[in-house]
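*Asks:* In full-length UniProt numbering, the protein residues as written are 1 to 295.
Every residue, glycine too, gets a C-beta built ideally from N, C-alpha and C.
These figures come from a predicted structure and were not determined experimentally.
#1: Just checking my contact of residue 178 with residue 257 at CB under 8 Å: how many whole Å lie between their CB atoms?
#2: Using the rule of at least 16 other Cβ atoms within 10 Å of the residue's Cβ for burial, across every protein chain shown, is residue 30 buried or exposed?
#3: Contact check, residue 137 vs residue 192 under 8 Å by CB: the rounded distance?
#4: Select from 4, 140, 157 and 45 the residue whose C-alpha is nearest the C-alpha of residue 164.
#5: Thinking C-beta only, is residue 274 closer than 8 Å to residue 153?
#6: If we count Cβ pairs, one from each stretch, closer than 8 Å, do we get three or more for the region 93-110 versus the region 57-77?
#7: With 16 other CB atoms within 10 Å as the buried threshold, where does residue 226 fall?
#8: To which residues does DSSP link residue 77 through a beta bridge?
#9: Give me whichever residues DSSP pairs with residue 265 in a beta bridge.
#10: Could you pull the DSSP bridge partners for residue 156 from this structure?
#11: With C-beta atoms as the reference, is residue 57 less than 8 Å away from residue 76?
#12: Inspect the beta-carbon positions of residue 131 and residue 81 and report whether they are closer than 8 Å.
#13: Taking the alpha carbon of residue 2 as the point to measure from, which residue in 24, 43, 13 and 18 has its own alpha carbon closest?
#14: Going by DSSP, which residues form a beta bridge with residue 115?
#15: Counting along the chain, where does the alpha helix (DSSP H) carrying residue 100 start and finish?
#16: I'd like the span of the beta strand (DSSP E) that includes residue 256, first residue to last.
#17: Excluding five sequence neighbours on each side, which residues of the same chain lie with their C-beta closer than 6 Å to the C-beta of residue 160?
#18: Would you report the Cα separation of residue 266 and residue 188, rounded to the nearest angstrom?
#19: Would residue 150 and residue 184 be called neighbours here (beta carbons separated by less than 8 Å)?
#20: How long is the line joining the alpha carbons of residue 248 and residue 37, rounded to whole angstroms?
#21: Of the choices 167, 203 and 181, whose alpha-carbon is the least far from that of residue 237?
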């Protein structure tokens, strides 16, 4: 029977297996989803699928620099224990290498990349089956540069946090220092010109509301022109924290990053921290064991 792309997608979402494996399973089982799921499990490809509802919020970030291209990735696991596993670390390195070579547009495209005859999604699913935890490629970023530009990269806490920057007019030492700054201090923007107008307006609105409330409670209310200056002062302080070039340089707080850069300029920056923004579910070990025994 003809297997629809929708059916393949549904099985892939259910199992985490690669598209070609899902198609083979559906063809072997006449389009029966449950039978195809079992077929993949029997092959060891969907062993981790029973854990599909589990949250993979641990893992590793990694970077790779290859000539004028660089990539940064986050691959998640369920536990920190697995993140320290050599096989998992090899998978993360393999993923980063495949991405820097092919420069895919998004995660879906990345999972279809060919890695030694298998798509990356299948490689990850098979490793999930072998290790026994849900593993997933969460995100990545790719940068390309000209010959007169430079990459700086920094990995912190054994890969729990990574930063990658592209810069011009500085050397390798400074580029790495800037990547370290980005990893440690987590600036949101390179400079103030990069801040969207609506973000600036929101900050100003919040600070104005705070100042007005303080003024209303004050025994000696300040005139409006003083309040406006107060708001601008607080806004400037907040913007200094948000912008890389305005921050105090991590290795020498007597100068800003802009001063450390001199005539150099940071063109792009990316920072990944494992699990940031993800819900980390508290696991009940007894319940987990009981659930596995029922399964």
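*Replies:* For this structure:
#1: 7 Å
#2: exposed
#3: No, residue 137 and residue 192 are not in contact; Cβ-Cβ is about 34 Å, not under 8 Å.
#4: 140
#5: no
#6: yes
#7: exposed
#8: 58
#9: 168
#10: 161
#11: yes
#12: no
#13: 24
#14: 118
#15: 86-102
#16: 252-256
#17: 274
#18: 13 Å
#19: no
#20: 54 Å
#21: 203
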